[in-house]
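Accompanying notes for the structure given below.
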Amino acid sequence: MTNRMGYSVLIGIIITGHGHFASGIVSTIKLLSGSQQKLTAVDFTEGMTAEELQTHLTKAVKDLGDVSGVAFFTDIPGGTPFNQAVLYHTQHKETTVMAGTNVSMVMEVLFQRELSVGQFTTVALQAGKAGVVAYKSRPRQAAADDEDGI
-8 MTNRMGYSVL IGIIITGHGH FASGIVSTIK LLSGSQQKLT AVDFTEGMTA EELQTHLTKA
52 VKDLGDVSGV AFFTDIPGGT PFNQAVLYHT QHKETTVMAG TNVSMVMEVL FQRELSVGQF
112 TTVALQAGKA GVVAYKSRPR QAAADDEDGI
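Under this note's numbering, the sequence shown has 77 at position 86, and the numbering climbs by one with no breaks.
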């Protein structure tokens, strides 16, 4: 998408979650790919109310500036950060809310933010699922001198 001046307009990304989940994800992304525009963290820290979180989320959206949409990445479905992002989503077009956020999914979409919100969400969810893996060790091959019976 482009704005009135013909410049590309990106989807803004807000990461939110319990404790310092959000700022931790953003810190990791900065370490891996440098500082990113229109990417911010909103932590839901101990003692904060749902209403305070909603205020912080609304301010974060405003601070993103000119965006084609807003993607909320949250830690767990049904938690306060997720619920408050959903509340925002129900009142605003061109938003998406995802839970189960991992670094893989955010990294995948960082450079695809000119997609539609729907396409962006699909790519993020696919990358998030693909980024969850388990390491399986392989059986070691017998050493050559074991074959000689020594």
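Positions of the beta carbon are idealized from the N, C-alpha and C atoms, including for glycine.
For residue i, does the three-state DSSP call read helix, strand or coil?
{"i": "ILE2", "result": "strand"}
{"i": "HIS11", "result": "coil"}
{"i": "VAL33", "result": "strand"}
Can you list, in chain order, the residues of its chain whose CB lies under 6 Å from that of residue i, leaving out five sequence neighbours each side?
{"i": "LEU55", "result": "GLY3 and LYS29"}
{"i": "ALA121", "result": "none"}
{"i": "THR112", "result": "THR87"}
{"i": "GLN45", "result": "GLN75"}
In chain order, what residues of the same chain have a beta carbon less than 7 Å from the beta carbon of residue i, not counting five sequence neighbours either side?
{"i": "GLU99", "result": "VAL114, ALA115 and ALA118"}
{"i": "LEU48", "result": "ILE5, THR7, VAL33, GLN75, ALA76 and TYR79"}
Using a Cβ-Cβ cutoff of less than 8 Å, which residues in the same chain neighbour residue i once the five nearest sequence positions on both sides are dropped?
{"i": "ILE67", "result": "GLY8, HIS9, PHE73, ALA90 and GLY91"}
Confirm, please, whether the CB-CB distance from residue j to residue i is below 7 Å.
{"i": "GLN75", "j": "ALA51", "result": "no"}
{"i": "THR71", "j": "PHE35", "result": "yes"}
{"i": "VAL94", "j": "THR31", "result": "no"}
Unbroken stretches of the beta strand (DSSP E), 3 residues or longer, contained in the region 71 to 114: As for any beta strand (DSSP E) of minimum length 3 sitting wholly inside the region 71 to 114, the runs are 86 to 89, ordered along the chain.
Validate contact between the region 59 to 73 and the region 82 to 96 using beta carbons, cut 8 Å, 3 pairs: The region 59 to 73 is in contact with the region 82 to 96.
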